[in-house]
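Worksheet: the structure to be examined is printed underneath.
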Amino acid sequence: MPMSTYYQNLRQKTGNQLLFTPSVGAIIRDASGRILFQDPGGPFWSLPAGAIEPGEPPAKALIREV
Numbered sequence: 009m010p011m012s013t014y015y016q017n018l019r020q021k022t023g024n025q026l027l028f029t030p031s032v033g034a035i036i037r038d039a040s041g042r043i044l045f046q047d048p049g050g051p052f053w054s055l056p057a058g059a060i061e062p063g064e065p066p067a068k069a070l071i072r073e074v
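Numbering-wise (our numbering), the sequence shown opens with residue 9 and increments by one.
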């Protein structure tokens, strides 16, 4: 998923400075209790996670990321 317009605009103002942003992440288990990871297309697998958009409830952000 590409960076949202909100975070693109924020990045233009702050450059490469460290930003603390509200975010969500999920651990999803299958019926056997194994943790399911996502393949983002790079060298590493990850848990579904991402930033919460302004005004977005955390639960809705988590559903979007999953």
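For every residue, glycine included, the Cβ atom is placed at its ideal position computed from N, Cα and C.
ask   = Is there at least one Cβ from chain B nearer than 9 Å to Gly23's Cβ?
value = Absent from the structure: chain B. Only one protein chain is present.
ask   = Pro51 to Phe45, Cα distance in whole Å?
value = 13 Å
ask   = If you compare alpha carbons, which of Leu55, Leu70, Lys68 and Glu61 is closest to Asn17?
value = Glu61
query = Helix, strand or coil: how does DSSP classify Ala69 here?
reply = helix
request  = Select from Ile36, Ile35, Gly63 and Tyr15 the residue whose C-alpha is nearest the C-alpha of Leu26.
outcome  = Tyr15
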